[in-house]
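Shown next, in the form of structure tokens:
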């Protein structure tokens with residue numbers, strides 16, 4: 172499932188908003204009657220409408236039975252904690268020149284979001300746009316216009332310090348590379364980026380192996396990130412804590428604290444492959460060799476595991492990740508502790524910088540952790556291991572991350588809150604629900620705030636209901652906030668908009684009065700995949716009405 176966001180379809184058309192003066196008037200344009208939705212399939216051939224076959228009718232009944240599972244559990248009605256909802260803005264909110272993209276359309280869209288009851292919005296502050304013109308040359312003008320616009324509408328803003336490139340991952344609809352002067356350094360020294368065992372370089376994010384080395388025209392990457400965050404604070408100091416309420420510090424690909432173990436660009440990886448370790452640039456190699464030598468195991472420092480397979484294999488296809496594989500040997504434990512430990516050190520360094528800059532401003536600090544749910548029900552949790560999360564049947568990999576975030580007073584932002592186990596292919600041994608439960612427990616143990624977001628673009632009642640259920644807790648591990656992915660033209664389609672408005676209302680009331688639709692009729696992949704294609708040679712169109 173991928174996003175199809177295009178800049179031309181990211182906002183409400185400004186032409187449609189002429190004459191609109193208030194948020195309430197605007198909401199009237201996109202909202203509609205609160206009648207209970209219905210799910211009906213209409214089959215049309217190119218010649219005439221055909222009657223649904225008995226087989227198709229039975230399939231529809233099965234769908235409706237599945238969809239009824241989307242209703243909220245009744246036992247959550249006594250929860251009273253409010254969970255504010257934010258909405259992610261389009262990836263191309265800023266132009267490549269650093270200006271606000273289509274400001275009049277953005278203004279109209281923000282007006283609608285305010286009327287929906289949303290708390291605010293989230294935006295990426297792209298390193299590749301802001302520091303594009305050279306080291307320490309920052310252009311925040313487009314973001315300044317957006318901040319003022321949010322202030323005028325009474326919306327709060329979450330800002331992501333996006334030190335990664337946009338492009339090459341799920342949902343990436345535009346391309347925003349790292350700053351040109353950084354790419355120039357990478358071209359001269361390719362080891363500045365993560366590298367896999369085959370020597371494939373990944374330009375999404377700088378390798379953490381060079382965090383403390385002056386490889387960027389005399390500055391270390393950590394210094395560059397720190398200067399960037401300090402520049403943001405200086406530019407927007409008057410808005411921090413009142414309009415800008417959260418700074419999410421990017422710590423890896425997609426802004427997540429992880430290695431780029433499953434890159435989708437050029438078809439390198441596809442779900443549900445185990446991914447590959449990213450420790451073959453010379454800086455990571457030198458670190459591994461030094462640690463191995465200190466442990467008296469020089470031969471363990473000659474690279475990553477030789478039997479860990481390739482991107483698109485399954486755990487049992489490899490010697491390292493199989494049930495009783497090398498992952499659980501003395502060598503496997505040594506390597507995984509080093510690999511995951513380097514990631515924790517990286518997060519600790521960046522968050523320490525963020526804490527020193529934003530402490531006392533009133534804005535929260537947060538860090539994002541990926542919801543890698545495939546192969547979760549296996550012993551080795553292969554996909555999590557290659558991404559840097561040392562989480563196995565015998566070891567909790569999320570508690571150390573939660574404690575590291577808690578050390579800096581940062582919120583743990585976790586994805587895949589909308590997913591259900593039953594929606595996933597059995598062969599992939601997925602358990603997004605089990606993963607979320609584990610992360611919630613880790614957050615509670617570490618005494619760190621937990622916020623969430625959906626991993627994929629979803630508008631159906633089932634996804635919203637799952638988020639509602641996840642956000643609730645009588646034991647102190649519910650969500651402190653939720654960020655919905657993502658604002659685009661589809662969000663403002665009537666049924667999708669109604670679902671969002673009801674969802675925001677339910678979250679603001681602690682899950683009470685939740686009356687989301689019992690069926691997914693918003694044409695999401697979740698709904699479509701339950702429908703079997705006709706074996707007839709005649710072209711038949713299946714439409715949801």
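In our numbering, the protein residues as written are 172 to 716.
The beta carbon of each residue, even a glycine, is placed where N, CA and C say it ideally should be.
If you look at residue 624, you'll find it in the beta strand (DSSP E) that goes 621-624.
Residue 665 sits in a helix when the DSSP states are folded into three classes.
Annotation: the continuous beta strand (DSSP E) that includes residue 583 extends over 581-585. Assignment of residue 499 by DSSP, reduced to helix, strand and coil, places it in the helix class. Inter-residue distance for residue 592 and residue 632 is about 16 Å (C-alpha atoms, whole angstroms). According to DSSP, residue 337 shares a beta bridge with 347.
Counting along the chain, no alpha helix (DSSP H) covers residue 362, and no H or E run does either. Residue 619 is positioned such that its CB atom lies closer than 8 Å to that of residue 576. Counting of Cβ neighbours within 10 angstroms places residue 469 among the exposed residues, the total staying below 16. In terms of Cβ geometry, residue 401 and residue 528 form a close pair [threshold 8 Å].
Residue 652 is positioned such that its CB atom lies closer than 8 Å to that of residue 257.
Cβ neighbours of residue 579 within its own chain (closer than 6 Å, five residues either side excluded): 522 and 526. With respect to the 8 Å criterion, residue 540 and residue 509 are not classified as neighbours on the basis of their beta carbons. In the same chain as residue 321, and ignoring 5 residues on each side of it, the C-beta atoms closer than 8 Å to its own belong to 281, 291, 292, 327, 328 and 414, in chain order.
Short of 6 Å from the beta carbon of residue 600, and not among the five residues preceding or following it, lie these beta carbons of its own chain, in chain order: 546, 548 and 549. Counting only the Cα atoms, residue 434 lies some 6 Å from residue 440. By the Cβ criterion, the stretch 402-409 is not in contact with the stretch 475-495, since fewer than three pairs of Cβ atoms, one from each stretch, lie closer than 8 Å. Excluding the 5 residues flanking it on each side, residue 431 has same chain C-beta neighbours closer than 8 Å at 365, 373, 375, 376, 423, 424 and 449, in chain order. Pairing residue 294 with residue 330 gives a Cβ-Cβ distance under 8 Å. Judged by DSSP in its simplified three-state form, residue 295 adopts strand. In this structure the stretch 658-668 does not touch the stretch 450-459; the number of beta carbon pairs closer than 8 Å is below three.
Secondary structure of residue 266 (DSSP, three-state): coil. Residue 538 carries a strand assignment under DSSP once its states are collapsed to helix, strand and coil.
Annotation for residue 547: no alpha helix (DSSP H) segment contains it, and DSSP assigns it neither H nor E. Contact between the stretch 267-275 and the stretch 296-313 is established, with three or more Cβ pairs separated by less than 8 Å. Per the coordinates, the alpha-carbon of residue 638 lies some 16 Å from the alpha-carbon of residue 667. When only Cα atoms are considered, residue 561 and residue 567 end up about 7 Å apart. By DSSP's assignment, residue 654 forms a beta bridge with 257 and 624.
In the DSSP annotation of this structure, the continuous segment of the alpha helix (DSSP H) that includes residue 571 starts and ends at 570-578. Beta-bridge pairing by DSSP links residue 530 to no other residue. Per DSSP, residue 413 is not a residue of any alpha helix (DSSP H), being assigned neither H nor E. Along the stretch 431-497, the alpha helix (DSSP H) occurs as fully enclosed runs of 4 or more residues at 453-465, listed in sequence order.
Residue range 312-324 is occupied by the alpha helix (DSSP H) that includes residue 317. A distance below 6 Å between beta-carbons, with the five flanking residues on each side excluded, links residue 573 to the following residues of its chain, in chain order: 583, 613, 614, 617 and 619. For residue 278, the enclosing alpha helix (DSSP H) stretches over residues 274-287.
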